[in-house]
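Trainee: If you count the sequence shown from 1, position 68 lands on 225 in our numbering, and the numbers rise without skipping.
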Amino acid sequence: MEVPTRVRNEVSEAAGDSEDEAAAALEVILHALSEPEGMRAVEEPSAQVIVDVQEWASLASYAVARTYAPQSPLRYAGFSRRVTQLLVRIVTLLTVQLNKLGHILTHPTFSISINFPWGVSASVSWTF
């Protein structure tokens, strides 16, 4: 589930100042996460799953921060509906990955949130 360099480059090229460019960059991410090779086996080490989810979350955040990040003044009053829908779909796919930690760790808890204007953040905690 590691972010391929190709995807990172495509997101960098697609992201920009407009909401359409933010959506295009998020569509690149969503497509890559939806591919069969984008999903890891349950046996993957928990640390690697966490690293992968953080990597994808940061890529989604980059895509929206290029458009929405704090500037004086902010250009847009919140995420567009299309951007929000794409972020929700990306977060849903990342949640699937974090749910796998229940098979690896004892009592894992996690949260993934969508935050304006920065994008997606993920946190994981567990007990031994």
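Glycine residues also receive a C-beta, built at the ideal position from the N, C-alpha and C atoms. Only a predicted model underlies this, so the values are computations on that prediction, with no experimental measurement involved.
Return helix, strand or coil for Ser203, following the three-state DSSP convention.
Mentor: helix
Trainee: So is Thr224 buried or exposed if we call it buried at 16+ other beta carbons inside 10 Å?
Mentor: Classification of Thr224: buried, given that the 10 Å Cβ count is 16 or more.
Trainee: Can you name the start and end residues of the alpha helix (DSSP H) that Glu176 belongs to?
Mentor: Glu176 to Ser191
Trainee: State yes or no: is the C-beta of Ala234 within less than 8 Å of the C-beta of Trp275?
Mentor: no
Trainee: Sort Ala171, Ser282 and Leu216 by Cα distance to Val248 and report the nearest one.
Mentor: Taking Val248 as reference, the option from Ala171, Ser282 and Leu216 with the minimal CA-CA separation is Leu216.
Trainee: Among His188, Gly173, Ser175 and Ala226, which residue has its Cα nearest to the Cα of Arg163?
Mentor: His188
Trainee: Closest by CA to Leu258, which one among Ser280, Val206 and Glu212?
Mentor: Val206
Trainee: By the DSSP assignment, the alpha helix (DSSP H) with Leu231 in it spans what residues?
Mentor: No alpha helix (DSSP H) holds Leu231; DSSP gives it neither H nor E.
Trainee: Start and end of the alpha helix (DSSP H) containing Glu170?
Mentor: Element bounds for Glu170: Thr162 to Ala171.
Trainee: In terms of residue numbering, what span does the alpha helix (DSSP H) encompassing Leu244 cover?
Mentor: Taken as a continuous stretch (DSSP letters only), the alpha helix (DSSP H) holding Leu244 covers Arg238 to Asn256.
Trainee: With a CB to CB cut of under 6 Å and the five nearest residues on each side skipped, what residues in its chain are close to Leu250?
Mentor: Leu190
Trainee: What residues match up with Ala279 in a beta bridge as DSSP calls it?
Mentor: Ile269
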